[in-house]
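So the sequence lines, in the order shown, correspond to chains A and B.
My numbering applies: residue 1 is where the first sequence begins, and numbers increase by one.
My numbering applies: residue 1 is where the second sequence begins, and numbers increase by one.
Cβ atoms here follow ideal geometry from the backbone N, Cα and C, with glycine treated the same way.
Protein chains: 2
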Amino acid sequence: MSSAPRPYAPFERLSSTQLYHSRWCGLRRDMIRLPGGREQDYHVFEVDDAIVVVPLLPNGDVLLVWQYRYVHGRTHWEVPAGRIHVGEAPELAAHRELGEEVGHSTQRLERLPGFYPINGISPHYAHAFVAHDCELLPGGTAHEDSEQIEVHARPRAEVERMLRDGEIADGFSALALFYAFQRAPPR
Amino acid sequence: MSSAPRPYAPFERLSSTQLYHSRWCGLRRDMIRLPGGREQDYHVFEVDDAIVVVPLLPNGDVLLVWQYRYVHGRTHWEVPAGRIHVGEAPELAAHRELGEEVGHSTQRLERLPGFYPINGISPHYAHAFVAHDCELLPGGTAHEDSEQIEVHARPRAEVERMLRDGEIADGFSALALFYAFQRAPPR
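Here it is as structure tokens:
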């Protein structure tokens with residue numbers, strides 16, 4: 001049984017002002033009319049959709065990365081993620097990031113439920129995947145020089161403990177890991 | 001055993017340009033120096049930190065809301081969430097949103113692991129909670145006129161099925177529900 005909510009009628013958009021636009025992101029301010037008739041502005045942050053992928057090794061271990069994030073200055077445990085290039089299918093982006101960030105490939109990429117990470121202020125959407133039976137690429141990783149990343153294989157039970165103890169502070173990674181573990185039975 | 005990554009040295013910030021600022025959000029473009037010496041710009045989206053709270057009734061049912069989101073025009077299943085007001089403690093914000101969005105109060109608010117929802121581009125942080133044994137407030141809900149919300153109590157097993165089937169498309173809600181179910185044993 002599905003349980004989809006009965007959709008509300010959309011707010012009427014009276015005008016839209018592009019406050020900023022670049023190849024990285026954009027910001028606009030719309031004037032909208034609320035159901036009660038009142039008008040108000042609404043900011044919308046624009047950024048390309050993204051993928052997140054949970055890499056599993058043939059023995060069930062998980063490939064995690066230590067990743068530095070400039071915005072908060074911390075180095076966190078994450079799984080590979082990144083923006084979808086213009087015109088790129090989400091699956092291709094997942095294969096690409098899997099190769100670039102952890103230097104692995106998969107013959108079996110499975111879709112997980114996707115999600116809107118910040119749907120109060122952006123239509124930004126994340127497509128999530130689990131990559132089964134990952135194999136090491138001969139060429140290894142291909143990190144950009146803005147990426148400070150180190151790859152670590154971890155037993156699934158240890159990653160489940162890290163999730164329980166709140167050690168996965170990146171929302172994309174934590175949610176994709178929950179979905180992946182829900183789908184993939186332990187070895 | 002904790003497993004914190006060895007932190008990387010932060011990127012050096014050479015300059016910072018505020019592209020936009022309002023009480024709702026801001027956007028800036030920093031020039032940074034990468035470890036290899038190359039300079040590049042980095043956009044940072046600024047928005048107040050948020051809370052998300054999973055309301056549980058004394059019988060174990062979960063209070064969900066149908067919520068319309070202007071940014072993508074869809075009506076989704078969510079749990080209460082919202083921004084922290086200036087100077088407000090995260091716990092107070094959770095109690096406030098619990099009252100406003102679903103018209104309930106709790107004597108037992110438990111912290112769940114928090115998360116960075118989009119840490120590639122924003123330091124925005126979400127504090128997550130589970131509210132046990134929620135009780136109906138005499139006054140009911142207090143929705144703003146920009147909020148199109150309808151409250152529904154659902155059995156925990158049904159919400160677990162919805163998570164499995166990918167019916168919780170809001171990232172805040174899905175992740176907080178996984179953490180809450182992990183902590184709170186079924187009744």
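Neighbour flag for residue i against chain B, beta carbons, 8 Å
{"i": "T75/A", "result": "yes"}
{"i": "Q18/A", "result": "no"}
{"i": "R69/A", "result": "yes"}
{"i": "L27/A", "result": "yes"}
{"i": "H143/A", "result": "no"}
{"i": "H211/A", "result": "It is not possible to answer for residue 211/A, since the shown part of chain A is limited to 1 through 187."}
{"i": "P35/A", "result": "yes"}
{"i": "V273/A", "result": "Outside the modelled stretch of chain A, which goes from 1 to 187, sits residue 273/A, for which no answer is possible."}
{"i": "V54/A", "result": "no"}
Chain-ordered chain B contacts of residue i [CB-CB under 7 Å]
{"i": "P10/A", "result": "G73"}
{"i": "V62/A", "result": "Near V62/A there are no residues of chain B at all, since even the closest Cβ is about 12 Å away, more than 7 Å."}
{"i": "V231/A", "result": "Given a span of 1 to 187 for chain A in the structure shown, any question on residue 231/A remains unanswerable."}
Reduced DSSP category for residue i - H, G, I as helix; E, B as strand; rest coil
{"i": "E101/A", "result": "helix"}
{"i": "V62/B", "result": "strand"}
{"i": "R38/B", "result": "coil"}
{"i": "A4/A", "result": "coil"}
{"i": "A89/B", "result": "coil"}
{"i": "P175/A", "result": "Rather than Pro, the amino acid found at residue 175/A in this sequence is Leu. In this structure, L175/A counts as helix in the three-state DSSP scheme."}
{"i": "E12/B", "result": "strand"}
{"i": "L163/B", "result": "helix"}
{"i": "R187/A", "result": "coil"}
{"i": "H72/A", "result": "coil"}
{"i": "Q182/B", "result": "helix"}
{"i": "A142/A", "result": "coil"}
For residue i, the residue or residues it bridges with in DSSP
{"i": "H132/A", "result": "R108/A"}
{"i": "H127/B", "result": "I51/B"}
{"i": "R96/A", "result": "None, per the DSSP bridge assignment."}
{"i": "Y116/B", "result": "D170/A"}
{"i": "W77/B", "result": "W66/B"}
{"i": "E150/B", "result": "W66/B"}
{"i": "L56/A", "result": "V62/A"}
{"i": "F192/A", "result": "Only positions 1 to 187 of chain A appear in this structure, which leaves residue 192/A out of reach."}
{"i": "I32/B", "result": "R13/B and Q40/B"}
{"i": "H21/B", "result": "G26/B"}
{"i": "G82/A", "result": "I51/A"}
Any chain A beta carbon closer than 8 Å to residue i
{"i": "P90/B", "result": "no"}
{"i": "S105/B", "result": "no"}
{"i": "H124/B", "result": "yes"}
{"i": "R156/B", "result": "no"}
{"i": "E167/B", "result": "yes"}
{"i": "A120/B", "result": "First, the amino acid is wrong: residue 120/B is Gly here, not Ala. True, the Cβ-Cβ gap to chain A drops below 8 Å."}
{"i": "V86/B", "result": "no"}
{"i": "E96/B", "result": "The question names Glu, yet the displayed sequence has Arg at residue 96/B. Cβ-Cβ to chain A under 8 Å: no for R96/B."}
{"i": "R38/B", "result": "yes"}
{"i": "H21/B", "result": "no"}
Distance cut-off 7 Å: residue i Cβ against heavy atoms of the ligand ZN
{"i": "R164/A", "result": "Among the components modelled here there is no ligand, and therefore nothing to report on the ligand ZN."}
Listed by chain order, chain B residues near residue i by CB distance under 9 Å
{"i": "L175/A", "result": "F115, G171, A174, L175 and F178"}
{"i": "S15/A", "result": "The premise fails here: S15/A is roughly 14 Å from chain B at the closest Cβ pair, so nothing lies under 9 Å."}
{"i": "I51/A", "result": "The contacting residues do not exist; I51/A stays about 12 Å from chain B at best."}
{"i": "V44/A", "result": "Y70 and V71"}
Chain-ordered neighbours of residue i on chain B, where CB pairs are closer than 8 Å
{"i": "I32/A", "result": "Y70"}
Under 7 Å from the C-beta of residue i: neighbouring residues of chain A
{"i": "F129/B", "result": "None at all; the shortest Cβ gap to chain A is about 13 Å."}
{"i": "L164/B", "result": "According to the sequence provided, residue 164/B is Arg. The question's Leu does not apply to it. What R164/B touches in chain A: Q182."}
Chain-ordered chain A contacts of residue i [CB-CB under 8 Å]
{"i": "V102/B", "result": "Within 8 Å Cβ-Cβ: nothing; V102/B doesn't reach chain A, min ~15 Å."}
Contact set between residue i and chain A, taken where Cβ atoms lie within less than 9 Å
{"i": "P7/B", "result": "W66, Y68, G73, R74 and T75"}
I'd like to know if the stretch 51-65 of chain A and the stretch 86-94 of chain B are in contact, where contact means that at least 3 CB-CB pairs between them fall below 8 Å. no
Per the contact definition of three or more C-beta pairs closer than 8 Å, is the stretch 144-159 of chain A in contact with the stretch 20-29 of chain A? no
Using 8 Å as the cut-off, can you tell me whether the stretch 110-129 of chain A makes contact with the stretch 43-53 of chain A, which would need three or more C-beta pairs spanning the two stretches below that distance? At 8 Å Cβ cutoff, the stretches touch.
Count Cβ pairs between the stretch 125-133 of chain A and the stretch 98-114 of chain A that sit closer than 8 Å; are there 3 or more? Contact holds: three or more Cβ-Cβ distances are below 8 Å.
On the three-pair Cβ rule with 8 Å, is the stretch 57-71 of chain B touching the stretch 164-171 of chain A? no
Any contact between the stretch 98-111 of chain A and the stretch 34-41 of chain A? By contact I mean 3 or more CB pairs, one from each, below 8 Å. no
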